[in-house]
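Some notes on the structure that comes next.
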Amino acid sequence: MNLSKSRGIVFWILFSLTLCFTTVSEGWAEVYLTQEQALKIAFPKAEEIETVTLSLDQELKIRIEKRAQTPVRFSEIPVYIGKTQGRPIGYAMIHDVKGKARPITYMVVINPQGRVERVEILAYRESHGYEVRYPSFLKQFFGKLLADPIRIKRDIQNISGATISCRAIADGVRLLLGVWEEFYGKEVVP
573 MNLSKSRGIV FWILFSLTLC FTTVSEGWAE VYLTQEQALK IAFPKAEEIE TVTLSLDQEL
633 KIRIEKRAQT PVRFSEIPVY IGKTQGRPIG YAMIHDVKGK ARPITYMVVI NPQGRVERVE
693 ILAYRESHGY EVRYPSFLKQ FFGKLLADPI RIKRDIQNIS GATISCRAIA DGVRLLLGVW
753 EEFYGKEVVP
């Protein structure tokens, strides 16, 4: 093989690798659901969906952190309340948790009794661990209350190779249940 031909092959290999790593590290994201699609899944029978933005002061953050046993890193969060005949049939919150290096956008749907009805992954931005969006993982959260552990290796099975993402989603579900408890649930002694 001549020198110019081998340089050309090396160039294309390096170019392809550079493109691959740049795509993953600087903005690769798999969007599975838009917010609108997620809310239709959350409340298929709702006559209306009301949006309320909850504000959390420092005192509320401390109470929620104590209940959920995970840090609160936001001061506001929108809650989507599905209603039928003017009565709430469920509450949905869309939030980002940090995976290994990038945020994972997820939604938790909570029924009026404070149980998880559904968890959906809207966007996943990591190169590994995308299996957290599979129903086999997400269905583990169904029916959970804040009183449940909702922890990897306790009541949530881990996915090999996706431990950080699994833990992030479990922590996020606990966190949003804590927000729900504080604003919509009965007082629970921690």
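If you're matching positions, the sequence shown starts at 573 in the numbering used here and goes up one per residue. All C-beta atoms, glycine included, are put in the ideal place defined by N, C-alpha and C. Quick caveat: nothing in here was measured; it's all calculated off a predicted structure.
With residue i and residue j assumed to form a contact (beta carbons below 8 Å), what rounded beta-carbon distance in angstroms separates them?
| i | j | result |
| --- | --- | --- |
| I661 | F615 | 7 Å |
| G744 | V669 | 4 Å |
| K655 | E619 | 6 Å |
| K716 | I722 | 5 Å |
| Y678 | I741 | 6 Å |
Of all the options the options, which has the alpha carbon lying nearest to the alpha carbon of residue i?
| i | options | result |
| --- | --- | --- |
| I621 | K711, Q641, V651 | V651 |
| I653 | E689, T623, Q712 | T623 |
| F755 | D629, T606, S699 | D629 |
| A664 | P684, I676, F646 | P684 |
| P707 | I731, E698, L718 | I731 |
| R739 | F714, L710, G757 | L710 |
| G658 | L626, L605, K617, I649 | K617 |
| F714 | A734, G733, E692 | E692 |
| G757 | I636, T677, I613, K612 | I636 |
| A734 | I682, I676, A610 | I676 |
In three-state terms, what does DSSP make of residue i?
| i | result |
| --- | --- |
| G654 | strand |
| A711 | One point to set straight first is that residue 711 is Lys, not Ala, in the sequence displayed. The answer is helix: DSSP assigns K711 an H, G or I state. |
| A664 | strand |
| R705 | helix |
| R674 | coil |
| A695 | strand |
| V644 | coil |
| S737 | helix |
| L626 | strand |
| R726 | coil |
| R746 | helix |
| E608 | helix |
Excluding the 5 residues flanking residue i on each side, which residues of the same chain have their C-beta closer than 7 Å to its C-beta?
| i | result |
| --- | --- |
| K633 | V644 |
| E631 | none |
| D720 | D727 |
| E753 | R639, G686, L718, V760 |
For residue i, which residues from the same chain have a beta carbon less than 8 Å from its beta carbon, with the 5 sequence-adjacent residues on both sides left out?
| i | result |
| --- | --- |
| V603 | L694, A695 |
| W600 | R697, S699 |
Here's a check: name, in chain order, each residue in its chain whose Cβ is nearer than 6 Å to the Cβ of residue i, leaving out the five neighbours to either side.
| i | result |
| --- | --- |
| A640 | R746, L747, G750 |
| S737 | G671, G701, V704 |
| E648 | T625, S627 |
| T642 | D743, R746, L747 |
| R674 | R697, E698 |
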